[in-house]
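Number of protein chains: 2
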Amino acid sequence: MTRLVERLPLLDLPAPTAASQRLCRELAALVDGRASTASHERALYARDMWPKALMWTRAGYTALPPDVIVWPETVEQVAAVTRKACELGVPLIPYGAGSGVCGGTIPLRGGIVMDVKRLSRIKSVDPEALEADVEAGMLGEIFERRLNRQGLSTGHFPSSMYCSTVGGWIAARGAGQASNRYGKIEDMTASVTAVDGRGEVVVTPRRPVPGWDLTQLLIGSEGALGTICSARMHLVRTPEARVFAGFKFRGIEEGTEAIRNIFQAGVRPAVVRLYDPFDTLLVGKGHEAKPAGKKGLLRAAFDEKVLVRLERLGSLTAIGQPIGLNRAADLLRECLLVLLFEGPADLVELEAEEATRVCLAAGGEDRGPDPARTWLEKRYAVSYKQSRVFDSGAFVDTMEVAATWDKVTQVYHRVRQAVAPLAFVMCHFSHAYPEGCALYFTFAGAAGSLEQIEERYDAIWRAGLAAARSAGATATHHHGVGVSKLNALKGQLGDGMRLIQALKATFDPKGILNPGKLGV
Amino acid sequence: MTRLVERLPLLDLPAPTAASQRLCRELAALVDGRASTASHERALYARDMWPKALMWTRAGYTALPPDVIVWPETVEQVAAVTRKACELGVPLIPYGAGSGVCGGTIPLRGGIVMDVKRLSRIKSVDPEALEADVEAGMLGEIFERRLNRQGLSTGHFPSSMYCSTVGGWIAARGAGQASNRYGKIEDMTASVTAVDGRGEVVVTPRRPVPGWDLTQLLIGSEGALGTICSARMHLVRTPEARVFAGFKFRGIEEGTEAIRNIFQAGVRPAVVRLYDPFDTLLVGKGHEAKPAGKKGLLRAAFDEKVLVRLERLGSLTAIGQPIGLNRAADLLRECLLVLLFEGPADLVELEAEEATRVCLAAGGEDRGPDPARTWLEKRYAVSYKQSRVFDSGAFVDTMEVAATWDKVTQVYHRVRQAVAPLAFVMCHFSHAYPEGCALYFTFAGAAGSLEQIEERYDAIWRAGLAAARSAGATATHHHGVGVSKLNALKGQLGDGMRLIQALKATFDPKGILNPGKLGV
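From first to last, the protein sequence lines stand for chains A and B. To get the working numbering, take the position in the first sequence, counting from 1, and add 1066. To get the working numbering, take the position in the second sequence, counting from 1, and add 1066.
Quick look at the structure:
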């Protein structure tokens, strides 16, 4: 993966070429002057929240930056910019809020980054059909807050809620924390308006479609087929009531069995999170008072949330030799499951009762509503804390895959085993379906030089994804493909890659849209 | 539409050519001898349940028949047949149980019809992940019955349950009567194994997919991209309990409002059917004793189920001048809503209570469980009775479209108005979602000669679809496109057609797969 992305000194970027400056002027004329070749902007738009790019930033490096950044404000401006890029054969990378963690927006071959955050209007809200037509640059939290005023909600709550856009959700095929009840973004998107690689506007027909479903081609397309400009989104009503529940299980086998039985009985909690034993320890201590001193590695890890903890762990050499920490975690068994039910008051009460029965039957111990309440309070905290970990010289990343119930625990054990020599690893199980669920692994490590860190980081990803795939998991759940999962994409699609290439050739005949991504 | 499909005398089919006989021998060698050019088989495989083909049969005509029929038994045989067809450039039309009502399997350009009903094994059932790997030729009712033995169910109950296959469900993007709770076939299909137009086997990755969703390209592809050979299907557990409910409303506005509020509150009955006033009369009388005599048109219509009734109506000249009958129906107002809840006993009780509250609040009058019970008993009756109508010289057809709640009643009124001069028309509302529902229109008419009937029939479809589309409906809900909706497909997809053409060129570079369908 290293070779895929070029690395340059951050503070010594080459000055814009005459050609870039000319391109910038031409683009500026199309977008009311909002185009730039300034070095600080080029450096900013050279990355998203891909952890490797964060490591580089800390070490004074950057991925290859774009040559020009533009900020269109309308679909017509997006189309005009695209036609210009197509005419010149210059790469064009759509950009939302830059919260992607797989490097999906990194301009592998330079070119134009097109920030669509100015396309941020809610064009219409239909409370009767529970739908909104919203532009791609709308930030999640703002969208949600505006809908809430009308008693409506997106139903989509990624942990990046404050720093991700509707267009980004769709481009990366995202899922929110309440996907268990309301679905992933592909279930929520009725229709997409996009500008393809020729600068033409495509409006996909809504379901039920005649023949096949073109909306599903733009969902997950990561800017490589078209720039998503707006979408018709299904909404939900803000829930009348919420019920919180928490259970302790003797192991992940019991816990996942409980989740399976809840979903296969037709009960749909909005939120389901089963923490593995070490994650359970961290979460369990999350709302207790901080200990006075730090005695020993594990204790040091227990006094706050996961990533803040890892920030401190990072300063410890132990995380550079994670075997010991992983072995310590192996001694733990107890797992915490948090559940949140949303909907009409009496229905959610009964759903919670039903789930409680299932959990007790699976050997769970009722821990009351507090763990789920605590989780809800901190639901958006993680995205803000990630970069602080890197400041300390450690690194952290997450890998989300999914598997059917018959394979879930084997995926868990094999990934832990494969990554154990390389990083400290923990996991939670969430985004449940009747047929299976997602596994969300967190890796934390440290190493000496940037080169050593990169090598370690790449080895973790190779080992983690290979173990997940060999145990029967998908390559991704909701973070998209970007650069970190490009090889896994090719492995999972196999001969399907030629179909992607055909789509690419049709949507984007000159290959200007986010080139190198999705394997095309 | 007439011109799209050629019509020949049924009993005077041209004898197989020497080329067809040679092709038949070559194909027979690939499929253990199971290939035929016999006239009776060619005539049988020249049609499905497309009403116009039924009219033709009655009048002694047929659509252009295939030249050869083959019955492969394995994926390898499907691939071998396809490679041969590709090599020779001969059309190849996959065929399941022939229950399609839009003419999707009619071999517009002759060639080979490939009946996949011998691919009918359940390859595996995974009760833990609630999934089965099943071959495409498996008949719905047999599949369901075998699953039931293990406490499992497809959750998919089209009225064609006894005469449709899993492959046909997927190829036509179907929906069953319980789609309200369990989803349409696109929600139930985890992965598809198909043979593309080059004879290569494609296995689509299951959700959550990296990048875009290739399974969604084969769902609804009506044999034009590949022959579906098997699929991994999500299953449900057979429900622990069922609750039946029925309500009368003063009009369709109140009734659809009630359905909307039920679904937007997060309550999910398995079955939801709101009958328009005339359909309500027919349904309401469905389980009462037959009247002794037939006094007047309406009374004659009331003593049994819809289609059996229309069979008798067909003999009356009134149905040839439907204005009067439609005006009589205009005087009616009362609408019946039937609901069926399935799931864990206490949950469905509460869901039914919640729905009852909503229905009463919308002005509904509780009619107890009987209407829903009666519906359940007769749930598969319609598909068997359709052809009897044609025997009587009348014709009947159904048109299913979908709309968001803000447009549902306007679609209803506009379609009725547009079709009223041409056919007797009634409608029920079913397949509900939080954002809208499907409208299922039944048209019944009569005319003199075959030419007059065809002209009337085509005019009904043109008027009905145009009215539906102009009022904001989709062109289809779950019957597929076939030949009856081909123009509407093009209208709805617009520029999207070039994407379909690109997919076609990739999956089927020689254009041999069901040529002329889906506009490619």
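Glycine included, every Cβ here is placed at the ideal spot set by N, Cα and C.
- Contact annotation for L1340 of chain B against chain A: no contact, minimum CB-CB distance about 17 Å [criterion: below 9 Å].
- Around the C-beta of A1256 of chain A, 16 or more other C-beta atoms lie within 10 Å, and the residue is accordingly described as buried.
- I1389 of chain B sits exposed, since fewer than 16 C-beta atoms from the chains shown fall within 10 Å of its C-beta.
- Taking the beta carbon of Q1558 of chain A as reference, the chain B residues within 7 Å of it are P1271 and P1276, listed in sequence order.
- Excluding residues up to 5 positions away in sequence, G1203 lie with their Cβ nearer than 6 Å to the Cβ of K1183 of chain B in the same chain.
- For F1223 of chain A, the secondary structure class from DSSP, reduced to helix, strand or coil, is coil.
- K1189 of chain A is classed as exposed because its beta carbon has fewer than 16 other beta carbons within 10 Å across all chains shown.
- When 7 Å is used as the limit between beta carbons, V1547 of chain B is near these residues of chain A: P1276 and G1277, in chain order.
- Put simply, of A:Y1111, A:V1097 and A:K1118 the residue whose alpha carbon is nearest the alpha carbon of Q1143 of chain A is A:V1097.
- Y1523 of chain A is positioned such that its CB atom lies closer than 9 Å to that of G1511 of chain A.
- If you draw a straight line from the Cα of R1334 of chain A to the Cα of G1240 of chain A, it is about 19 Å long.
- Of all residues in the region 1197-1210 of chain A, those with a C-beta nearer than 7 Å to a C-beta of chain B are E1197, reading in chain order.
- Within the region 1288-1315 of chain B, those residues whose Cβ lies closer than 9 Å to any Cβ of chain A are, in chain order, E1288, A1290, L1291, H1300, L1301, V1302, R1303, P1305 and E1306.
- A distance of 9 Å or more separates the beta carbons of G1233 of chain A and I1135 of chain A.
- Membership of A1489 of chain B in any beta strand (DSSP E) is not indicated, and neither H nor E is assigned to it by DSSP.
- The DSSP-derived three-state label of M1254 of chain B is helix.
- Here P1075 of chain B carries a strand assignment [DSSP, helix/strand/coil].
- In its chain, beyond the 5 residues on either side, E1288 and A1290 have a beta carbon closer than 6 Å to the beta carbon of K1583 of chain B.
- In this structure, the beta-carbon distance from P1157 of chain B to L1174 of chain B falls below 9 Å.
- For the set B:A1094, B:Q1282 and B:T1270, the Cα lying nearest the Cα of A1238 of chain B is the one of B:Q1282.
- Going by C-alpha positions, E1252 of chain A is about 6 Å away from I1285 of chain A.
- Taking a Cβ-Cβ threshold of 8 Å, the residues of chain B close to I1285 of chain A are W1278 and D1279, in chain order.
- Proximity of H1543 of chain A to chain B, defined by a Cβ-Cβ separation below 9 Å, is satisfied.
- With contacts defined by Cβ atoms closer than 9 Å, M1121 of chain B and I1526 of chain B do not form a contacting pair.
- Where T1422 of chain A is concerned, the enclosing alpha helix (DSSP H) starts and stops at A1411 to A1427.
- With fewer than 16 neighbouring CB atoms inside 10 Å of its own CB, A1081 of chain A falls in the exposed class.
- The alpha-carbon of A1260 of chain A is positioned some 6 Å away from that of V1267 of chain A.
- Closest in alpha carbon position to P1224 of chain A, among A:L1218, A:G1459, A:D1279 and A:H1544, is A:H1544.
- For the region 1462-1475 of chain A, the beta-carbon criterion of a distance under 7 Å to any beta-carbon of chain B is satisfied by A1468, T1470, W1471 and D1472.
- Under the DSSP definition of a beta bridge, R1339 of chain A partners with A:V1404 and A:S1496.
- For the region 1152-1170 of chain A, there are no residues whose beta carbon sits under 8 Å from a beta carbon of chain B.
- By the C-beta density criterion, R1211 of chain B is exposed, having fewer than 16 other C-beta atoms within 10 angstroms.
- D1412 of chain A reaches chain B at L1416, E1419 and E1420, counting residues in chain order whose Cβ is nearer than 9 Å.
- For A1104 of chain A, the secondary structure class from DSSP, reduced to helix, strand or coil, is coil.
- Boundaries of the beta strand (DSSP E) around S1190 of chain B: I1188 to D1192.
- With the rule of 3 Cβ pairs closer than 8 Å, the region 1213-1220 of chain A counts as touching the region 1302-1313 of chain A.
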